[in-house]
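Numbering (the numbering used here), first residue to last: -17 to 121. Where a beta carbon is used, it is the ideal one built from N, C-alpha and C, also for glycine. First the structure, in the form of structure tokens, and then the observations on it.
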Ligand code: ZN
């Protein structure tokens, strides 16, 4: 006998029009007391804020795209920092010309639906601030 899938650790979440996905995942993780997880998602968005991290300046450069796009692929994880859930997610979005935009995700507003598959991990994924990179790294 082999355990192929333990559904107690797997959630499929659906976000609807105008919901913000990362805030919703944080709320879900808080309610479920999730301290470690990975997730992926697909769907459609009406607005997305993506960022590029400038390692030299140690700052994110944000750009918000106000257009309907396909959420082609989101991959991320949930850890915790100072005992609160923290998300790290990257994503690729496709526009009406089938061109893609990608980056570190700051926010996603759903246009039609967003389907998130979330796997809860045992234990904790903790993040602490790393002065060398200026990022909150897994620790
Ligand atoms: Zn990132």
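{"query": "Since residue 57 is in the beta strand (DSSP E), which residue starts that stretch and which ends it?", "result": "51 to 63"}
{"query": "With respect to the beta strand (DSSP E) encompassing residue 90, which residues constitute its N-terminal and C-terminal limits?", "result": "82 to 102"}
{"query": "Would residue 81 be called buried (16 or more neighbouring beta carbons within 10 Å of its own) or exposed?", "result": "exposed"}
{"query": "Would you tell me roughly how many angstroms separate the C-alpha atoms of residue 36 and residue -6, rounded to the nearest one?", "result": "33 Å"}
{"query": "Taking all protein chains shown into account, do 16 or more other C-beta atoms lie within 10 angstroms of the C-beta of residue -8, making it buried, or fewer, making it exposed?", "result": "exposed"}
{"query": "Counting along the chain, where does the beta strand (DSSP E) carrying residue 132 start and finish?", "result": "Residue 132 lies beyond the residue range present for the chain, which begins at -17 and ends at 121; the question has no answer from this structure."}
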